[in-house]
Amino acid sequence: MTGAAVAGSNAVEQEDRALEDRPATADCHILVVDDTDFNRTLIGALLTEAGFHDIAYAKDGFDALSQIAARTPDLVILDIMMPGMDGFEVCRRLRADHAYADLPVLVQTALSSSDDRNKAFAAGTTDLISKPLDRAELLARVRIHLENRVLIRDLQCYRARVEGELAMARSMHDHLLPSPALRAALKGSAGVDLRSHILLSSDMGGDLWGVLPLDAGRFGVFLLDMAGRGVSAALNAFRMHTLIHELAPTLGDRPDAFLAELNDRAVSLLELGEHATVIYGVVDSTAGRFTYAAAAATHPLVIPPGGAALLFGNATGLPVGITAGNRYDACTLPFPPGARLALYSNAVLDALSDEPVDDGNNDGNDGDDRPAFDRKVMAAVSVAGDDGDAFATLTAALAAALGETPPDDHTLVWIERGAAA
Amino acid sequence: MDYGIEDKDQETVVRLRGRLTFNDHAKLRALIREMLQTKAKRQVLDLSALEFVDSAGIGMLLIAREEMSNVDKLLILRAAAGQVKRVLTVAQLNKIVAIED
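Line order of the protein sequences matches chains Z and D. For what it's worth, my numbering labels the leading residue of the first sequence as 1, then goes sequentially. For what it's worth, my numbering labels the leading residue of the second sequence as 1001, then goes sequentially.
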């Protein structure tokens, strides 16, 4: 006990002590509305004695409403029978205004019939206090409703703070993604358009992609999908982003060595059960190819110009962050002028191959999901035509398959080479 | 996801059913504790009735492998099919976990 009880209220020390573990309500602002001087004085004295010190008084309904408009109380103690505007009407007007929808209103009533009590509740009363007033009942009800109000306000503050922090973290995550300026620079140096489509399952996600400009019009591109979701996956994606940019200057042009080194560093950084699927590759427009290495990623997909068959790469490999010393193979796909290259997270593959596909063979090949996915991509490309926007068609198909809240994070990165001049 | 455990002489067989995802973390932790209490050295996860596994699910399987190896037990993934088989294959988990058809 620190003796911090409000000055002048030591008459009720015992009750103060009982209140110590409960939300502090003594500073709450209470408005007492009663047309009888005696009742206002009595209620005010009981509240003051109990430690409440911010009490205002109104002598009728109009006075009450104007005082509430000037300063919103935390609780209103309201008489029903008043000349002019009665308590029922005050209640109804308060509840009609959204700003006072959750303001606790205690109605003091001598009304004993259940009809009248129901009428009070129908008008929006929070609770009733019977007349003649009983000190213990009055204080118990005042405290219960003030405590509820304080707790709800704390929760609202907490929620607003968390939402604010998540929004800030989300915007930091967005800033890790390639900026419009970087995309414009790559359009100039490598002759490609970079587009992406990201759908997160919650406020934060573990998907991340980016580009690393290299020399001679080449650039590296990565797509990383951290296991798990939400804030923990996003934090790990941030760590991986840092590693990737540390490795870029020395290993950026060698995807296999890049991935092996990224894996070794990730193993020492991540906990057991945390890992990432990654694809990293170098787009070389001059040579017309995409050279990449993958760690349990989805097959990179090249859509050649002129309606030729889709080309799928191979993207098997141990996820990054599990075992040190693992080696990854470099693979190559052709990437001629007019072609489009798609990298996408596993969730995109799952979402677009949701029809049950039974190819009847259990040969251990990883092609089980591919026919359906393949068909959908082909359909999107042929609907759009060679000059059309297959990316838009594909993302629309994805949105249709997933609805408002996808079960997992989805990323589709689309790299489009201009046709030969 | 649910599971059923069958404790045999030579091996413990746990049959996983449904979808193994991010949301099953607590359940898989409980399963690992149960597996640690069985006697058999060979701890088999029968995946034939498992329809779907996500990346977090793979992480949990790797945690199970580690927990078993800490007490000198061997984790075996058996009879994966469909999407589950594809994910195990793409991730080349056979490099670090025993996988049987």
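No residue lacks a Cβ here, since even glycine has one placed at the ideal position from N, Cα and C. Remember, it's a predicted structure, so these values are computed and weren't measured experimentally.
Original post:
How would you call F501/Z, buried or exposed, if buried means at least 16 neighbouring beta carbons within 10 angstroms?
Top reply: Nothing about residue 501/Z can be read from this structure; chain Z reaches only from 1 to 421.
Subject >> Neighbourhood of F62/Z by C-beta distance below 8 Å, restricted to the same chain and skipping five residues each side >> reply: Once the five neighbours on either side are set aside, the close Cβ partners of F62/Z are G84 and M85.
**OP:** Return no unless some Cβ of chain Z is closer than 8 Å to the Cβ of D1092/D.
**Re:** Strictly speaking, residue 1092/D in this sequence is Gln, with Asp absent from that position. Output row for Q1092/D: interface = yes.
Original post:
Of the residues R1017/D, K1039/D and A1030/D, which one's Cα is nearest the Cα of V1071/D?
Top reply: When C-alpha distances from V1071/D are compared across R1017/D, K1039/D and A1030/D, the shortest belongs to K1039/D.
Subject >> Buried/exposed call for V211/Z, threshold 16 Cβ in 10 Å >> reply: buried
Original post:
Thinking just about the alpha-carbon of each residue, which of A56/Z, P407/Z and G325/Z is nearest to the one in L31/Z?
Top reply: A56/Z
**OP:** Compare the C-beta of S1055/D against all C-beta atoms of chain Z and say whether one is closer than 8 Å.
**Re:** yes
Original post:
Are the Cβ atoms of D264/Z and A293/Z separated by less than 8 Å?
Top reply: no
**OP:** Answer with yes or no whether the minimum CB distance from P255/Z to chain D is below 8 Å.
**Re:** no
Subject >> Other residues of its chain near D408/Z: CB distance less than 6 Å, five sequence neighbours each side excluded >> reply: Taking D408/Z as the centre and dropping the five residues before and after it, the same chain places the C-beta of S201 and A347 closer than 6 Å to its C-beta, in chain order.
**OP:** With DSSP as the reference, label G1082/D as helix, strand or coil.
**Re:** helix
Original post:
Using a Cβ-Cβ distance under 8 Å, would K1095/D count as near chain Z?
Top reply: yes
**OP:** Would you mind giving the Cβ-Cβ distance between P213/Z and F219/Z, rounded to the nearest angstrom? I have them listed as a contact below 8 Å.
**Re:** 5 Å
Original post:
In its own chain, which residues sit with a C-beta less than 7 Å from the C-beta of K1027/D, not counting the 5 before and 5 after it?
Top reply: M1001
Subject >> Among E89/Z, R143/Z, I43/Z and L46/Z, the one whose alpha carbon lies nearest that of L65/Z >> reply: E89/Z
Subject >> Interface flag, L1062/D vs chain Z, CB-CB below 8 Å >> reply: yes
Original post:
Nearest-angstrom Cα distance between Q67/Z and S130/Z?
Top reply: 25 Å
**OP:** Apply the 10 Å Cβ neighbour rule to A1080/D and answer buried if 16 or more other Cβ atoms are within range, or exposed otherwise.
**Re:** buried
Original post:
Helix, strand or coil for D363/Z per DSSP?
Top reply: Residue placement at D363/Z is poorly supported in this model, since its pLDDT is 41, which falls under 50; the coordinates are not used for a value here.
**OP:** Determine the closest residue to R170/Z out of I198/Z, L139/Z and L194/Z, with distance taken between C-alpha atoms.
**Re:** I198/Z
Original post:
Which term fits P319/Z, buried or exposed, when burial requires 16 or more other beta carbons within 10 angstroms of its beta carbon?
Top reply: buried
Subject >> Close Cβ partners of L248/Z (< 6 Å) along its chain, the five nearest in sequence each way excluded >> reply: One detail in the question is off: residue 248/Z reads as Ala in this sequence, not Leu. Cβ neighbours of A248/Z beyond the five flanking positions: L212.
Subject >> Under 9 Å from the C-beta of R327/Z: neighbouring residues of chain D >> reply: Within chain D, no residue comes near R327/Z; the closest Cβ sits about 10 Å away, beyond 9 Å.
Original post:
With contact counted as at least three CB pairs below 8 Å, one residue from each stretch, are the stretch 1015–1023 of chain D and the stretch 1048–1057 of chain D in contact?
Top reply: yes
Original post:
Are the C-beta atoms of T1012/D and some chain Z residue less than 8 Å apart?
Top reply: no
Original post:
Quick one: does L333/Z have its CB under 8 Å from some CB of chain D?
Top reply: No, its Cβ sits nowhere closer than 8 Å to a Cβ of chain D.
Original post:
Which word fits G317/Z, buried or exposed, when buried means at least 16 other C-beta atoms lie within 10 angstroms of its C-beta?
Top reply: buried
Original post:
If we ignore side chains and look at the alpha-carbon of each, how far apart do G217/Z and D253/Z end up?
Top reply: Going from the Cα of G217/Z to the Cα of D253/Z covers about 12 Å.
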